[in-house]
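Each residue of the sequence shown is one higher than the last, beginning at 102 in our numbering.
The structure appears right after this line, and notes come after that.
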Amino acid sequence: MRPRTRYVPRTALAALALGAACAVAAAPALDSLERRIAACTGCHGERGQGGRNDYNPRLEGQPEGYMYAQLKHYQAGARAYPRMEAMVQFLPDAYLHEIAQYFAALPPSGQAAGGVGAAPAVLERGRTLALRGDAARKLDACASCHGSELSGVLPTSPGIAGQPYAYLSAQLGAWQSGTRRAAHPDCMAAVAHRLGGRDMQAVAAWLSTQPARAPQAMDAATREALSRCGNGGAP
Numbered sequence: 102m103r104p105r106t107r108y109v110p111r112t113a114l115a116a117l118a119l120g121a122a123c124a125v126a127a128a129p130a131l132d133s134l135e136r137r138i139a140a141c142t143g144c145h146g147e148r149g150q151g152g153r154n155d156y157n158p159r160l161e162g163q164p165e166g167y168m169y170a171q172l173k174h175y176q177a178g179a180r181a182y183p184r185m186e187a188m189v190q191f192l193p194d195a196y197l198h199e200i201a202q203y204f205a206a207l208p209p210s211g212q213a214a215g216g217v218g219a220a221p222a223v224l225e226r227g228r229t230l231a232l233r234g235d236a237a238r239k240l241d242a243c244a245s246c247h248g249s250e251l252s253g254v255l256p257t258s259p260g261i262a263g264q265p266y267a268y269l270s271a272q273l274g275a276w277q278s279g280t281r282r283a284a285h286p287d288c289m290a291a292v293a294h295r296l297g298g299r300d301m302q303a304v305a306a307w308l309s310t311q312p313a314r315a316p317q318a319m320d321a322a323t324r325e326a327l328s329r330c331g332n333g334g335a336p
């Protein structure tokens with residue numbers, strides 16, 4: 102006995118074909134900004150708000166000039182993190198600019214990273230150092246270069262408010278140990294050395310409790326503060 106042939110209406114076949122075509126069209130091209138951004142959002146969150154791992158910083162709303170400079174540093178080996186170095190190793194400048202522009206255009210969520218559980222006295226010490234500095238120890242306030250809201254200053258000073266505590270602590274430690282460096286005079290290295298361990302933790306703890314906001318425009322006071330650093334304070 103011959104098996105019965107299942108009849109599929111032409112309209113159903115057309116619908117299946119259209120669905121397949123749409124699925125192909127919806128998939129990102131092999132070489133596209135969407136694909137390149139996916140390599141970032143896997144660690145830094147779907148919109149660059151900061152990843153599940155507290156060592157992965159917030160990218161959203163960071164100044165474009167800062168973002169591009171960091172990608173170039175990883176490419177040149179000036180910043181060391183194997184995963185980032187491998188990701189950007191062969192990307193042309195045009196791609197790096199596109200990635201920087203993409204995240205710079207995303208408005209910060211306004212949320213704080215939080216969750217560090219520091220004592221009130223520690224947070225107050227961190228707030229004082231971040232906003233006022235410590236003249237007796239020749240420590241300028243973080244706000245002098247990163248803006249009054251610690252949200253960064255265009256075009257190249259990064260926002261540090263709302264970044265994860267673990268990331269901020271690690272970066273200050275890297276400046277102190279010399280694994281992160283900038284052009285001489287290296288202001289961040291000097292700050293990290295003068296802070297010492299407890300005050301580094303206090304600053305990182307307080308900054309992590311602050312909301313992330315969009316970067317500010319450069320003003321005369323910030324320009325003067327950055328001018329005292331190597332390469333005009335460029336990262």
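C-beta atoms are modelled at their ideal positions from N, C-alpha and C, and glycine is treated no differently.
Proximity winner among the options, relative to residue i (alpha-carbon distances)
i	options	result
Pro55	Tyr196, Met185, Gln302 and Pro158	There is simply no residue 55 to check, as the chain begins at 102 and stops at 336 in what is shown.
Val292	Arg238, Gln163, Tyr156 and Asn154	Arg238
Gly260	His145, Glu135 and Glu165	Glu165
Gly248	Gly149, Pro265, Ala179 and Leu308	Leu308
Gly333	Tyr182, Trp276 and Pro256	Pro256
Gly227	Gly253, Glu199, Tyr266 and Gln202	Tyr266
Ala231	Cys246, Pro221 and Val217	Cys246
Gly151	Gly178, Tyr182, Gly211 and Thr229	Gly211
Ala318	Val254, Thr229 and Thr142	Val254
Sheet register partners of residue i (DSSP bridge)
i	result
Gln317	Val254
Leu240	Asp235
Distance, residue j Cα to residue i Cα
i	j	result
Gln311	Cys243	13 Å
Ala283	Leu207	27 Å
Tyr156	Ala213	15 Å
Arg329	Ala322	11 Å
Ala337	Gly297	With the chain covering only 102 through 336, there is no way to say anything about residue 337.
Cys288	Gly279	12 Å
Ala195	Ile138	14 Å
Glu225	Leu192	43 Å
Leu273	Ser258	15 Å
His174	Gly331	16 Å
Thr229	Val223	10 Å
Arg290	Tyr182	Per the sequence presented here, residue 290 reads as Ala, with Arg not at that position. Distance between the alpha carbons of Ala290 and Tyr182: 19 Å.
Thr142	Ser252	21 Å
Gly215	Glu186	28 Å
Gly178	Asn154	23 Å
Contact under 8 Å by Cβ, residue i with residue j
i	j	result
Ala262	Glu250	yes
Asp241	Ala326	yes
Pro336	Tyr167	yes
Ala313	Leu269	no
Met188	Ala219	no
Arg180	Arg281	yes
Gln171	Gln190	no
Gln163	Ala205	yes
Arg148	Glu161	yes
His145	Tyr169	no
Status (buried if at least 16 other CB within 10 Å, exposed otherwise) for residue i
i	result
Ala122	With a pLDDT of only 35 at Ala122, under 50, the local geometry of the prediction cannot be trusted, and the value read off the model is given with reservation. Result: exposed.
Ser133	exposed
Pro316	buried
His294	exposed
Arg324	exposed
Asp300	buried
Gln277	buried
Asp320	exposed
Tyr203	buried
Ala201	buried
Proximity test, Cβ basis, 8 Å: residue i and chain C
i	result
Ser270	Absent here is chain C; the protein component of the structure consists of one chain.
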